[in-house]
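Below is one structure, written out as structure tokens, with a few remarks after it.
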Amino acid sequence: MLRIYAFPTPNNTKVMITAEEAGLRYQLSRVDLAKGEQRSPEHLRRHPLGKTPAIEHDELTLFESNAICRYLAGLGGSELYPEALAARAQVDQWAEFLSHHAGRWVLQFYWEEVIKRHFFRQPPDEAVLAEAQTMLEQQLPVLERQLEGQTFLANNRFSIADIIGYSQFEICPQTRIDLAGYPRIRQWVDAIKARPAVQRAQAALG
Ligand SMILES: N[C@@H](CCC(=O)N[C@@H](CS)C(=O)NCC(=O)O)C(=O)O
């Protein structure tokens with residue numbers, strides 16, 4: 001029995017999409033971050049920092065969204081996280097690039113412009129956004145070039161690297177990030193958004 005503990009934010013979206021793309025049966029338990037449910041004693045047993053996502057599968061409890069995506073991809077026996085070492089390394093490379101570089105700065109905008117405003121009624125820190133903008137201007141061209149002549153980021157096969165990236169970039173319209181100069185990134189996001197499993201995952205998460 002697989003149970004996913006989640007709330008609608010990018011780190012949770014990627015886990016839900018991976019579960020749906022891998023064809024897994026699961027139960028979703030919403031942990032309402034706005035109500036502080038992440039800090040309940042029972043959730044702290046699943047995630048020592050009191051965050052989402054987390055999963056329970058039989059005897060296993062797991063947190064950290066990228067680790068969960070890798071686990072769920074393998075659980076479904078899918079090609080989302082290929083077994084061949086070189087292909088897997090390519091997926092890891094782009095997953096890390098997104099998590100530590102380009103996608104990280106997208107999420108900085110999300111934090112400043114969406115989360116702070118919505119949950120804490122605070123304005124964005126413009127100095128932080130200026131740094132994020134500078135980093136994106138350096139890093140988005142790398143992603144745009146990688147998508148030249150190929151549909152997906154790694155091995156030109158749909159993988160958790162695309163899912164991780166999608167979960168970050170699909171929120172850009174909620175921020176002032178302008179992707180007008182990056183047509184391949186926009187096309188990549190739109191193509192992933194249209195996948196039936198992605199639509200099911202996002203509808204379930206709300
Ligand atoms: N590195 C973690 C980050 C988890 C994280 O920051 N989760 C946020 C939602 S995206 C959260 O639960 N925040 C609630 C809190 O910190 O109280 C992952 O990828 O799973």
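Numbering (my numbering), first residue to last: 1 to 206.
The C-beta atom is built at its ideal place from N, Cα and C for all residues, glycine as well.
Can you tell me whether residue i is helix, strand or coil according to DSSP?
i      : result
HIS101 : coil
TYR71  : helix
SER167 : helix
HIS57  : strand
SER29  : strand
LEU80  : coil
ALA34  : helix
ALA6   : strand
LEU179 : coil
LEU62  : strand
Measure the C-alpha to C-alpha separation of residue i and residue j and round it to an integer number of angstroms.
i      : j      : result
ARG104 : LEU2   : 28 Å
LEU179 : GLU59  : 43 Å
PHE158 : ALA19  : 14 Å
GLU148 : ARG39  : 44 Å
GLU126 : GLN138 : 19 Å
ALA132 : ALA73  : 31 Å
ILE115 : PRO8   : 12 Å
ILE185 : LEU143 : 7 Å
ASP190 : ALA102 : 18 Å
Would you grab the beta carbon distance between residue i and residue j for me? Rounded to a whole angstrom, and I think it's under 8 Å.
i      : j      : result
ILE164 : SER99  : 7 Å
LEU205 : ALA6   : 6 Å
CYS172 : VAL106 : 6 Å
ARG70  : ILE160 : 7 Å
> Touch check for the stretch 48 to 68 and the stretch 114 to 134: three-plus C-beta pairs under 8 Å?
Replying inline: Taking a cut-off of 8 Å for Cβ pairs, the stretch 48 to 68 and the stretch 114 to 134 do not touch, as fewer than three such pairs fall below it.
> Along the chain, which unbroken stretches of the alpha helix (DSSP H) at least 4 residues long are found entirely within the stretch 79 to 156?
Replying inline: 85 to 100, 102 to 110, 116 to 120, 126 to 146
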